[in-house]
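Report on the following structure.
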Amino acid sequence: MEEKETLYIPQGLKPRTELFDDYGTEELFQSIIITIIAGIIDILIYTFTKNTAICVVFFLSSIAGSVMMLTKDRINISVVDQVKFMVRFARSQKVYKYKYYDEWR
């Protein structure tokens, strides 16, 4: 009697290095860019308002928000990826205009 060979497919392997769960070096660089842009906006806000508390809260929340939006979930999609998918889907939709004719008239 011949024994069947089974195929072992490992699950949960990550092809890239991650700093913590589902947040890798690519997301880190994106967060750094967002932080630099937020810092420039923060400097502009400070020049107009001269309010340190608002600037600190804005800067820290922009860092935390970028990390939360770029962290991937269990199906490997982040919030930013989901928005990209929605925009691409909206652009791909075609609009077909038609005229309604009453056939019983």
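The working numbering numbers the first residue of the sequence shown as 655 and each following residue consecutively. Here a beta-carbon is modelled for each residue, glycine too, at the ideal position from N, C-alpha and C. The structure presented is a predicted model; accordingly, all values stated were derived computationally and were not measured.
Item to check | Proximal residues to Gln-684 (C-beta, below 6 Å), its chain only, five neighbours per side dropped | outcome: Locating residue 684 in the sequence shown gives position 30, counting from the first residue. Same-chain partners within the cutoff: Leu-724.
Next on the checklist: By the three-class DSSP mapping on this structure, what secondary structure does Leu-673 have?
Outcome noted: On the sequence shown, position 19 is the one that residue 673 refers to. In the structure shown, Leu-673 adopts extended strand secondary structure according to DSSP, grouped into three states.
Checklist entry - How is the alpha helix (DSSP H) around Val-734 delimited, first residue to last? => result Here residue 734 corresponds to residue number 80 of the sequence shown, with the count starting at 1. In this chain, the alpha helix (DSSP H) harbouring Val-734 covers 733-746.
Next on the checklist: Whole angstroms are fine: how far does the CA of Leu-714 sit from the CA of Gly-678?
Outcome noted: Sequence index remark: in the sequence shown, residue 678 carries index 24 (1-based). Sequence index remark: in the sequence shown, residue 714 carries index 60 (1-based). Straight-line measurement puts the Cα of Leu-714 at about 20 Å from the Cα of Gly-678.
Next on the checklist: Between which two residues does the alpha helix (DSSP H) holding Thr-689 run?
Outcome noted: As a first step, residue 689 must be located in the sequence shown, where it is residue number 35. 679-703 is the extent of the alpha helix (DSSP H) around Thr-689.
Next on the checklist: Taking the alpha-carbon of Val-721 as reference, which of Leu-661, Ile-663, Val-734 and Glu-659 has the nearest alpha-carbon?
Outcome noted: Mapped onto the sequence shown, residue 721 falls at position 67. Sorting Leu-661, Ile-663, Val-734 and Glu-659 by C-alpha distance to the C-alpha of Val-721 places Val-734 at the top.
Checklist entry - Since Thr-706 is in the alpha helix (DSSP H), which residue starts that stretch and which ends it? => result Start at 1 with the first residue of the sequence shown, and residue 706 comes out as number 52. Counting along the chain, the unbroken alpha helix (DSSP H) around Thr-706 starts and ends at 706-724.
Item to check | Sequence-distant residues of the same chain with beta carbon closer than 6 Å to Thr-689, five excluded per side | outcome: Translated into positions along the sequence shown, residue 689 becomes position 35. Ile-717.
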